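Note sheet for the following structure.
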Amino acid sequence: MTSIKTPSTERPTPPDSTPAAALHSGTSDLRALVLNNLRQSGIYVALVVIVGLFAILTDGVLLSPGNITNIVLQYSYILVLAIGMVILIIGGHIDLSVGSVVALTGAVSAVLVIQQGHPWWIGVLAALAVGVAVGAWHGFWVAYAGIPAFIVTLAGMLLFRGLTLRVLDNISLSPFPAEYQRVAAGFLNGLLGGNGFDAFTLLIGAVAVAGYAVSGFRTRVARIRYQQPVESFPLFVARVVAVGAVIMYFAWQLAHARGLPIVLIILAVLVLVYGLLTRRTVFGRQVYAIGGNLSAAALSGVKVRTVNFWMFVNMGFLAAVAGVIYSSRSNGAQPAAGNMFELDAIAAAFIGGAAVTGGVGTVVGAMVGGLIMAVMSNGMQLMGIDQSTQSVVKGLVLLVAVAFDVYNKRRAGSAR
Amino acid sequence: MDDTILEMRRITKTFPGVTALEDVTLAVRRGEIHAICGENGAGKSTLMKVLSGVHPSGSYDGEILFDGKPMQFRGIRDSEANGIVIIHQELALVPYLSIAENIFLGNERRGRSGLIDWNLANAEAAKLLASVGLHENPVTPVIQLGVGKQQLVEIAKALSKKVRLLILDEPTAALNDIDSAHLLDLLRALRDQGITCIMISHKLNEITAIADSTTVIRDGRAVETLDMKSDEVTQQRIIRGMVGRDLDSFYPDRESSPGEEVLRIEDWTVRHPVQDRLVVEGVGLSVRAGEVVGIAGLMGAGRTELAMSVFGRSYGRDISGRLFVRGREVHARSVAEAIDNGIAYVTEDRKRYGLNLIDDVRRNVSAAALDRLSRLGWVNGNEEIKVAESSRREMNIRTTSVMAVVGKLSGGNQQKVVLSKWLFTDPDVLILDEPTRGIDVGAKYEIYTIINRLVAAGKAVIVISSELPELLGMCDRIYTLAAGRITGEVPVAEATQESLMELMTKDKELVG
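Order-wise, the sequence lines are chains Z and B.
In short: position in the first sequence from 1, add 1, done, that's the working numbering.
In short: position in the second sequence from 1, add 60, done, that's the working numbering.
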């Protein structure tokens with residue numbers, strides 16, 4: 002049993018809600034902070050190491066403006082899928098069909114826009130509607146018919162691949178009109194001018210840093226008001242400065258290439274929204290509760306079926322977003338589009354710290370996991386390593402990441 | 061011949077923090093039916109696990125002599141090789157395999173080629189089935205049999221292993237009266253064939269009907285062994301042995317002043333979710349504000365099933381009966397509706413049904429009433445921490461922080477987290493199922509104090525417990541439950557452990 006001083010004798014100090022308190026209180030125990038978040042901080046360290054390693058191996062090409070832009074464009078749809086996937090995995094499910102759904106939604110959009118000449122936004126809306134319908138289909142079978150998600154989405158993988166072939170009549174469609182292509186291949190550039198670089202991108206970067214600092218400070222003030230432990234002020238500043246420097250560095254690099262990619266804005270908004278959804282809403286809490294202990298959640302009044310259903314609808318919606326981005330980037334729809342995307346998304350979630358047994362994982366973690374995969378693929382491509390070796394390396398990284406998770410859990414279990 | 065087949069000498073078995081068995085000596089004569097009885101948690105099952113090698117040699121002190129030879133079983137295969145077979149209360153059959161496949165599982169009948177000879181196996185199985193009086197085709201999948209027949213398959217399986225000492229743990233707990241009677245007949249027949257039998261049972265009428273001698277275990281000690289033939293042994297005599305201890309002044313005092321009725325159920329009947337039998341039958345009970353009502357019953361009496369079916373129908377099917385909260389009839393068809401109607405149920409198995417062990421104290425405390433902490437679906441995380449902190453103080457949950465993972469807390473502290481969770485739903489009536497199971501003495505006292513505080517604040521509390529002293533120490537009134545029916549309602553002033561035990565073991569048809 003954990004034995005500490007008796008809390009009943011420990012009266013809290015009166016609340017001090019002035020922001021000034023935020024400047025002076027807090028712990029500077031860096032070691033405790035790192036250890037408390039070992040599972041999370043482990044992947045950040047891994048990402049930094051991998052980025053550093055490939056930056057050296059590629060003589061800095063990895064971090065060149067053009068290549069950073071490339072990584073964003075190339076892997077954004079995997080990251081979008083990983084957001085939905087990690088939420089499902091937290092809830093104790095999985096979705097094997099997202100690759101097929103990416104293909105189907107892209108195909109529907111292509112038929113409407115390319116074959117029938119509808120405006121680009123009709124294509125986007127139709128794709129999203131199809132994605133939501135697919136999600137509702139999966140959700141129905143998992144939540145209300147009680148079929149395991151593995152089976153339902155394995156069937157969906159075949160089913161929606163088949164429908165894609167039907168919709169496309171087995172042929173590729175291209176090209177999309179320029180407006181549609183802009184979604185994933187477009188940039189915001191030159192809105193504010195700039196000499197040899199895009200000032201607008203830097204401004205957005207600066208706004209992001211300011212937003213991070215302000216929201217961090219407000220959280221800190223609120224936590225102090227509720228007498229919660231916080232990091233010491235210098236440590237807080239150091240954290241903001243470090244994150245700010247990384248953001249500004251990337252903004253600087255992007256500004257010197259083609260400007261701010263539109264997909265990066267889409268991705269940033271999704272990460273922000275889903276980060277809040279998972280951490281701060283009742284729905285998000287219930288997802289964690291279901292994944293952590295299904296019976297306990299049900300006996301706590303969580304409407305398990307409803308939550309499961311909406312998790313799948315959400316996955317369908319995000320798969321459609323990925324489908325639009327992918328079709329826009331590849332400037333057309335192909336019958337084989339999106340093949341194996343589900344595996345990349347699942348790998349991203351697990352590398353990012355999600356637990357195989359459910360109940361654990363974060364959206365940000367999945368993004369970092371996805372970036373680790375992206376940087377490794379990109380770095381190895383730059384080095385001219387062949388496809389087979391790339392595949393071997395990626396497979397081993399996934400295995401090691403999950404083994405680390407299982408090892409951690411076993412250690413935690415034996416400490417009980 | 062009246063010699064001893066089994067002698068267990070001075071067996072002591074400790075688990076971390078608990079002494080489960082202390083200096084237990086047990087002697088079983090060849091060819092007798094030897095009953096072992098005692099309250100839940102007295103140590104009966106642990107003793108049988110030591111005997112069958114589930115707790116291997118070396119993990120306990122003392123010695124086992126079988127046929128006069130000292131034995132050191134390292135596992136269940138060792139004990140089975142010597143002809144000691146245990147049949148657990150939870151049957152260990154594979155549902156989709158046939159009767160014959162189950163009987164010879166791990167002991168397959170091989171032909172000359174080394175492959176399994178199914179003709180031989182089925183023929184042998186048919187013979188074994190005939191010897192236990194089960195008329196079924198050996199290729200029938202076990203899942204198609206009722207529990208009673210499955211029990212017979214288990215015994216046939218034991219016979220196939222050339223059993224000499226058969227141990228049955230609560231063999232009739234899940235059986236109806238006809239199947240029970242049949243099983244008892246079979247045990248007599250086996251005894252006449254020279255098979256020695258140890259039977260753990262709560263059903264005292266069965267013990268007096270069938271056993272040749274009875275050993276009573278209480279608090280990890282063998283209290284006495286009664287010779288059922290020579291002594292004048294009655295059920296009351298056994299009960300005295302089982303409960304024979306004084307009610308210590310272990311329970312905090314409480315002023316009792318019950319107010320208006322908060323919860324009442326009438327004619328409550330629940331069917332088992334998969335089997336075709338009633339688990340709860342025509343139960344009626346009520347509890348008032350500021351009152352603690354106990355439900356006493358032996359394992360399998362339907363206590364938890366009753367409570368969970370009332371709590372938003374989270375157990376069973378074909379539930380009928382009426383439920384009133386504060387005089388108004390409510391139809392709580394889901395847990396959420398039950399919570400909305402002011403009912404809270406604290407489970408007997410907090411690890412499986414009560415807590416998200418991988419999450420922290422804070423989120424476990426808020427899990428059942430997140431809507432109280434949120435607006436338009438957004439959770440106020442700081443308010444949540446405040447709630448968790450105040451629970452930590454009021455309940456004296458010993459943890460470094462409310463961010464600590466619940467799975468790492470001690471049992472007592474985990475139980476306080478579960479209680480905090482349900483108190484935060486602000487219920488009118490709390491159903492506490494085994495609220496002190498698996499927690500140490502100090503934490504028990506704290507839980508009792510918390511219950512008293514709740515009652516003083518006007519809550520109605522129903523306590524389900526296997527520990528009679530706990531019910532006698534805590535409750536105003538006690539209902540007894542046996543085989544899904546209420547067999548008595550006793551004000552605590554008139555109740556004794558003996559009278560309760562008698563009501564709890566009252567089995568309508570067999571008595572008499």
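Just so it is clear, CB atoms sit at the ideal spot from N, CA and C, and this is done for glycine as well.
Since the structure is predicted, the reported quantities are computational estimates derived from the model, not experimental observations.
- Which class does Pro230 (chain Z) belong to by DSSP, given the choice of helix, strand or coil? coil
- Item | Whole-Å CB distance - Phe384 (chain B) paired with Arg324 (chain B), under 8 Å assumed | 4 Å
- Task: Name, please, each residue of chain Z whose Cβ falls closer than 9 Å to the Cβ of Trp438 (chain B).
- Result: Leu277, Arg281, Thr282, Val283
- Task: State the CB to CB distance for the pair Val88 (chain B) and Leu107 (chain B), rounded to an integer number of angstroms; the pair is presumed to be in contact (CB under 8 Å).
- Result: 12 Å between Cβ atoms; not a contact.
- Query: Taking DSSP as the reference, what is the three-state secondary structure of Ile147 (chain B)?
  - Reply: strand
- Message: I believe Met259 (chain B) touches Ser273 (chain B) by the beta-carbon criterion, under 8 Å. Please report the beta-carbon distance rounded to the nearest angstrom.
- Response: Going by Cβ atoms, the distance from Met259 (chain B) to Ser273 (chain B) rounds to 11 Å, so no, they are not a contact pair.
- Message: Do Phe177 (chain Z) and Asn332 (chain Z) have their beta-carbon atoms positioned less than 7 Å apart in this structure?
- Response: yes
- For Trp438 (chain B), the residue or residues it bridges with in DSSP: Z:Thr282, B:Arg435
- Query: Considering only residues of the same chain and omitting the five flanking positions on each side of Thr485 (chain B), which have a CB-CB separation below 6 Å?
  - Reply: Closer than 6 Å at the Cβ level, and outside the excluded window around Thr485 (chain B), lie Ile399, Ala404, Ala428, Ala429.
- Task: Return the residues of the region 390-423 of chain B that lie within a Cβ-Cβ distance of less than 8 Å from chain Z, sorted by chain order.
- Result: Flagged, chain order: Ser394, Val395, Ala396, Ala398, Ile399, Tyr405, Thr407, Arg412, Tyr413, Gly414, Leu415, Asn416, Leu417, Ile418, Asp419, Arg423.
- Task: Could you tell me whether the Cβ of Leu264 (chain B) comes closer than 7 Å to any Cβ of chain Z?
- Result: no
- Message: I'd like to know whether the C-beta of Ser290 (chain B) is nearer than 7 Å to at least one C-beta of chain Z.
- Response: no
- Message: Distance check for Arg537 (chain B) and Asp306 (chain B), CA to CA, integer angstroms please.
- Response: Confidence at Asp306 (chain B) is low in this model, with a pLDDT of 47, below 50, so the placement of that residue should be treated as unreliable; the coordinate-derived value is given next. One C-alpha to the other measures close to 19 Å.
- Message: Suppose the cutoff is 7 Å on Cβ atoms and the five residues either side in sequence are ignored; what does the same chain contact list for Trp142 (chain Z) look like?
- Response: Ile148, Val153
- Going by other Cβ atoms of all chains shown within 10 Å of its Cβ, with 16 needed for buried, is Ala160 (chain B) buried or exposed? buried
- Query: Helix, strand or coil for Tyr539 (chain B) per DSSP?
  - Reply: If DSSP states are grouped into helix, strand and coil, Tyr539 (chain B) belongs with the strands.
- Length at least 4, wholly inside the region 278-355 of chain Z: the alpha helix (DSSP H) runs in chain order: 283-293, 295-299, 305-331, 342-352
- For a contact meaning CB atoms closer than 7 Å, what does Lys304 (chain Z) contact in chain B? Ala396
- CA nearest to the CA of Leu212 (chain B), picked from B:His148, B:Val352, B:Gly467: B:His148
- Item | Secondary structure of Tyr120 (chain B), DSSP reduced to three states | Tyr120 (chain B): coil per DSSP, three-state reduction.
- Query: So what does DSSP say about His119 (chain Z), is it helix, strand or coil?
  - Reply: coil
- Is DSSP giving Ala398 (chain B) helix, strand or coil here? Annotated three-state conformation of Ala398 (chain B) is helix, per DSSP.
- Alpha-carbon to alpha-carbon, Asp279 (chain B) and Ile299 (chain B): Computed Cα separation, rounded: 14 Å.
- How about Glu284 (chain B) and Gly301 (chain B): are their beta carbons less than 7 Å apart? yes
- Query: If you follow the alpha helix (DSSP H) that Thr48 (chain B) is part of, which residue opens it and which one closes it?
  - Reply: A query on residue 48 (chain B) cannot be resolved here, the shown segment of chain B reaching from 61 to 572 and no further.
- Three-state class that DSSP yields for Glu562 (chain B) in the structure shown: helix
- Where Arg458 (chain B) falls: helix, strand or coil (DSSP): coil
- DSSP state of Pro529 (chain B), grouped into three classes? In the three-state DSSP reduction, Pro529 (chain B) falls in the helix class (H, G or I).
- Rounded to the nearest angstrom, how far is the Cβ of Lys221 (chain B) from that of Asn167 (chain B), given a contact under 8 Å? About 6 Å separates the beta carbons of Lys221 (chain B) and Asn167 (chain B), which is inside the 8 Å limit, making them a contact pair.
- Message: Just to make sure I have the definition right: I need the residues of chain B whose C-beta is within less than 7 Å of the C-beta of Gln229 (chain Z). Which are they?
- Response: Ile445
- Identify whether Ser173 (chain B) lies in helix, strand or coil by the three-state DSSP scheme. Looking at Ser173 (chain B) - three-state DSSP - the assignment turns out to be coil, as it is neither helix nor strand.
- Task: At 3 residues or longer, and completely inside the region 249-294 of chain B: list those beta strand (DSSP E) runs for me, N to C.
- Result: 256-260, 273-278, 281-287
- At which residue ranges does the region 460-487 of chain B contain complete alpha helix (DSSP H) runs of 4 or more residues, listed in the order of the chain? 471-483
- Message: Relative to the C-alpha of Gly292 (chain Z), which candidate in Z:Pro66, Z:Val401, Z:Val87, Z:Val99 has its C-alpha closest?
- Response: Z:Val87
- Task: Leaving aside the five residues before and after Tyr311 (chain B) along the sequence, list all residues of the same chain whose C-beta is less than 7 Å from its C-beta, in chain order.
- Result: Tyr508, Gly533, Met534
- Item | Chain-order list of residues whose beta-carbon lies under 7 Å from that of Thr59 (chain Z) (same chain, five-residue window excluded) | Gly380, Leu383, Met384
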